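Just so we're aligned: 85 in my numbering is position 96 of the sequence shown, and the numbers increase by one with no gaps anywhere.
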Amino acid sequence: MERMMVGVKLGQGTRSKRIRGWTGLSEIVVKAVAKKWAFARKLRDLDDKTWEKKVLKWTPDGRRPAGRPRTRWDDELRKRITIDWMDADEMRWNEALSDYTVEINEYCHV
């Protein structure tokens, strides 16, 4: 989409980072991560009686298929915050989010 905006074709060898500098747009992956973390922070602050909290803590009946388990929505949060993300304080949230955002930016601009 950005290439089309500036009229650069893929075969010209212009890197995405350079095109983003021209357009002033930010990396979509970073935006998506920030929105996910903001939603998780909102979930953390909700009352336990809300349906969002109930669905998050719900465990379906039955067995899971054999093999590696699928990645759940909050697995990344658990990995980054290292303690229970529902109990993490605001400082820990901000620290983990900024570290992860830097990591994603570096990964996207290799």
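For each residue, glycine too, the CB sits at the ideal point set by N, CA and C. From a predicted model like this one, the values you see are computed outputs, not experimental measurements.
Leaving aside the five residues before and after residue i along the sequence, list all residues of the same chain whose C-beta is less than 8 Å from its C-beta, in chain order.
i	result
A29	D63, L66, W74
R180	Residue 180 lies beyond the range of the chain shown here (-10 to 99); nothing can be said about it.
Run the CB neighbour count on residue i, radius 10 Å, all protein chains shown included, and call it buried at 16 or more, exposed below.
i	result
A27	exposed
L103	The requested residue 103 does not occur in the structure, where the chain is confined to residues -10 to 99.
Short check: CB of residue i to CB of residue j, under 8 Å?
i	j	result
I93	R81	no
V18	I8	no
Going along the chain, which residues of its own chain have a beta-carbon closer than 6 Å to the beta-carbon of residue i, five neighbours each way excluded?
i	result
K43	none
Taking residue i as part of the alpha helix (DSSP H), name the residues at either end of that continuous run.
i	result
E(-9)	-9 to -5
R4	Element bounds for R4: n/a, residue is neither H nor E.
What does a CB cutoff of less than 7 Å around residue i pick up in its chain, not counting 5 residues either side in sequence?
i	result
V22	Y89, T90, I93
M(-6)	T12
L45	L32
- Whole alpha helix (DSSP H) runs in the stretch 25 to 96 with 4 or more residues, listed along the chain? For the stretch 25 to 96, the full-length alpha helix (DSSP H) segments reaching 4 residues or more read 40 to 46, 64 to 70 along the chain.
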